[in-house]
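Peer 1:
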Amino acid sequence: MATFFDHLARGALAGAAGTTALNATTYLDMVARGRPGSSTPEKTVERTADSLGTSIPGDSEARQARASALGALLGIVAGVGTGAALGAMRAAGRPRSPVTTVLAASALATVAGNAPMSALGVTDPRRWAPADWAADLVPHLVYGVVAQVTLDRLDPSKRRVRLLRRVRGGRSIRPRR
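Position one of the sequence shown corresponds to residue 1 (full-length UniProt numbering), numbered consecutively onward.
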């Protein structure tokens with residue numbers, strides 16, 4: 001039987017996979033539309049440092065590089081943390097279906113990524129154009145799909161069902177409890 005920590009660990013792994021897929025989708029969009037990367041993550045780091053009464057060390061170039069790297073790292077932390085939260089939800093028996101898992105993961109990742117930027121006044125989603133919403137929501141939906149698939153693939157009970165189906169020639173079976 002899986003422990004709560006097992007669910008958290010599987011969720012974190014699913015979050016890491018989802019984050020990788022989200023980043024790849026974002027980069028593909030940048031290539032397709034010829035658009036630059038967003039500066040909002042680094043602006044969020046700078047505003048956070050200001051609000052804490054501290055500064056990012058180094059000359060102007062080094063500060064900008066550090067803020068950019070910290071912004072990317074915060075995105076990874078948000079994605080892995082969202083996955084861990086999804087794992088905790090799975091431990092509690094929620095969400096139950098793949099569709100609700102995708103929607104929950106996508107919504108959690110969107111909030112985890114955008115809420116800090118909105119709270120710090122870096123961006124205001126109410127003023128986004130449709131293309132901005134698409135550039136944000138599509139990668140988060142991809143995150144949700146990949147996180148859901150990864151969670152299912154890491155679930156030992158579902159692995160057993162897949163293995164038994166292969167052994168029984170594809171016939172549907174239920175694992176014994």
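Note that CB positions come from ideal geometry on N, CA and C, so glycine has one too.
Cα separation between Ser-60 and Ala-2?
Peer 2: 49 Å
Peer 1: Whole-angstrom Cβ separation of Thr-110 and Ala-14, contact assumed at under 8 Å?
Peer 2: Under the criterion of beta carbons closer than 8 Å, Thr-110 and Ala-14 do not qualify as touching, at roughly 16 Å.
Peer 1: Counting only the same chain and skipping the five closest in sequence on each side, list residues whose C-beta sits under 7 Å from that of Val-122.
Peer 2: A distance below 7 Å between beta-carbons, with the five flanking residues on each side excluded, links Val-122 to the following residues of its chain, in chain order: Thr-40, Lys-43, Thr-44 and Arg-47.
Peer 1: Taking Phe-4 as the reference, which of Ser-118, Ala-92 and Arg-166 has the closest Cα?
Peer 2: Ala-92
Peer 1: Leaving out five residues before and five after Pro-98 in sequence, what residues of the same chain have Cβ atoms less than 6 Å from its Cβ?
Peer 2: Gln-148
Peer 1: What do you reckon, are the CB atoms on Ala-134 and Ala-78 nearer than 8 Å?
Peer 2: no
Peer 1: Here's the rule: buried if 16 or more other CB atoms are within 10 angstroms of the residue's CB, otherwise exposed. What is Ser-106?
Peer 2: By the Cβ neighbour-count rule, Ser-106 is buried, with 16 or more other Cβ atoms within 10 Å of its own.
Peer 1: Excluding the five sequence neighbours on either side, which residues of its own chain have a C-beta within less than 7 Å of the C-beta of His-140, listed in chain order?
Peer 2: Leu-22, Ser-106, Ala-109 and Thr-110
Peer 1: Quick one: Cα of Pro-57 to Cα of Arg-153, how far?
Peer 2: 43 Å
Peer 1: Measure the C-alpha to C-alpha separation of Leu-64 and Ser-51 and round it to an integer number of angstroms.
Peer 2: Sequence inspection shows Gln at residue 64; the Leu mentioned does not correspond to that position. Approximately 17 Å between the Cα atoms of the pair.
Peer 1: Mind checking whether Val-102 and Ala-16 have CB atoms under 8 Å apart?
Peer 2: Contact: no.
Peer 1: Quick check: Pro-130 and Asn-114, are their CB atoms within less than 8 Å of each other?
Peer 2: no
Peer 1: Under a three-way DSSP split, which group does Ala-92 fall into?
Peer 2: coil
Peer 1: When you compare each of Trp-128, Tyr-143, Asp-136 and Arg-66 to Ala-49 by their alpha carbons, which one comes out closest?
Peer 2: Arg-66
Peer 1: So which of Leu-120, Lys-158, Ser-38 and Thr-100 has the shortest CA-CA distance to Ala-72?
Peer 2: Ser-38
Peer 1: Output yes or no for whether 8 Å exceeds the beta carbon distance between Ala-104 and Gly-11.
Peer 2: Not a contact, by the Cβ cut-off of 8 Å.
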